[in-house]
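Q: Each step along the sequence shown adds one to the number in the UniProt record's numbering, with nothing skipped, and position 81 is 81.
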Amino acid sequence: MSLPDDIHLNSSLRLERISSEHVRDFMEIYLDKENVQYMDDVIKSWNGDEQKAQSTIREINASEKDFVYFVYVDDQVVGLLGFENISSENEAEIWYILKKQEQGKGIMANVLSEFLKLNQEKHYFAKIFAEIKKENTKSADLVKKLGFRYISSSDIKSRFCYP
């Protein structure tokens with residue numbers, strides 16, 4: 001499975017595979033504890049260490065099962081969109097995060113909606129799963145609105161699938 005390095009979603013939205021060139025944007029998003037409160041593996045060991053962040057970017061980009069993109073709105077990095085654990089059946093887990101100041105503007109709804117349309121055309125993934133912490137009701141509402149269906153839950157998370 002391979003995804004392009006650059007995905008144009010519409011005239012103002014695009015995805016660009018993470019790179020060391022934008023390590024400061026990557027760190028800004030990931031080092032904000034409030035911003036990543038719903039993520040599982042916040043990279044705590046960095047402590048602002050740019051070399052550790054660059055090493056993480058290299059590891060992600062070397063993986064054949066993980067793809068992480070910067071989300072751009074009008075050429076400004078506003079967040080991250082990731083696909084991981086891509087299976088031989090072409091199924092993936094999706095996750096996303098926006099800079100705190102960009103949340104609540106409908107950006108991720110637009111990004112996911114446009115990506116799902118493109119996925120129908122390009123057939124990147126047969127199925128896309130989202131595991132969302134139960135207290136993250138905004139994300140759960142978003143994926144349901146976009147057509148993800150609820151499939152299971154644990155004490156901590158709910159799992160959704162598209163299509």
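C-beta: ideal position from N, C-alpha, C; glycine also.
Considering only DSSP beta bridges, list what Lys127 is partnered with.
A: Note: Lys127 sits in a beta bridge opposite Glu91.
Q: Going by the CB atoms, is the gap between Val143 and Ile107 shorter than 8 Å?
A: Cβ distance not < 8 Å, so Ile107 and Val143 don't count as in contact.
Q: If we ignore side chains and look at the alpha-carbon of each, how far apart do Ser88 and Ser20 end up?
A: C-alpha separation (whole angstroms): 28 Å.
Q: Could you name the residues of the same chain whose beta carbon sits closer than 7 Å to that of Lys65, not counting the 5 residues immediately before and after it, in chain order?
A: Result list for Lys65: Glu84, Asn85, Ile86, in chain order.
Q: Using only alpha-carbon positions, find the residue among Lys127, Lys33, Lys117, Asn136 that is nearest to Ile7.
A: Cα-wise, what sits closest to Ile7 is Lys117.
Q: Would a C-beta distance cut-off of 8 Å place Leu9 and Tyr124 closer than the cut-off?
A: Contact flag unset, no.
Q: Considering only C-alpha positions, which residue in the set Met27, Lys33, Arg17 is nearest to Ser63?
A: The shortest C-alpha separation from Ser63 is found at Arg17.
Q: Is the beta carbon of Glu121 sitting closer than 8 Å to the one on Glu93?
A: It is not a contact, given that the beta carbons lie outside the stated cut-off.
Q: Between Gly82, Asn90, Glu91, which has its C-alpha nearest Leu98's C-alpha?
A: The shortest Cα separation from Leu98 among Gly82, Asn90, Glu91 belongs to Gly82.
Q: By the 10 Å Cβ neighbour count, where 16 or more other Cβ atoms means buried, how is Ser158 classified, buried or exposed?
A: Buried, by the Cβ-count rule.
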